[in-house]
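Scroll down for the structure; my scribbles are underneath it.
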Amino acid sequence: IRDSLEQAERHRAEAERKMQEYEAKLSAASRDAEAVLARAKDQAQRLLEENEQRLLAESERIKADATRDIEHERRKAIQDIRSQTTDLALMVAEQVVGRSLTDADHRRLADEALQAVADAYEERRS
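Start counting the sequence shown at 939; every next residue gets the next number (the numbering used here).
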């Protein structure tokens, strides 16, 4: 009986030792898992911040491009208005001057005006 009790005690002690080993391994695995999770969270946060910075930079670039395009179109509109105003002023001047010109002067001025319009048209097409 004593041998059986001693053997049972050895088995219990062995089982307890193995249980402590498993608990230590489980604890180490848990710590490793927590470390992996912490690294993953850090990496996710870093990627999120990097993406945020990229999006901000892209947003600023788009805004700058839009501002540049708007300014270009504004200048073009002003130039078109000036050109049209000049054309209108010339037409009015021609009408005023035309009242005191001969028929030959009218034809010459009309030819010159048509040539100027044709030249301007060709210039705009280029």
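Idealized CB from N, CA, C, for every residue including glycine.
- Secondary structure of Ile939 (DSSP, three-state): coil.
- By the Cβ criterion, the segment 1047 to 1057 is in contact with the segment 1021 to 1036, since at least three pairs of Cβ atoms, one from each stretch, lie closer than 8 Å.
- Shown here, Leu985 sits in a helix according to DSSP, grouped into three states.
- Membership of Leu1052 in the alpha helix (DSSP H) is indicated by the continuous run 1041 to 1063.
- In the three-state scheme derived from DSSP, where H, G and I count as helix and E and B as strand, Ser1038 is classed as coil.
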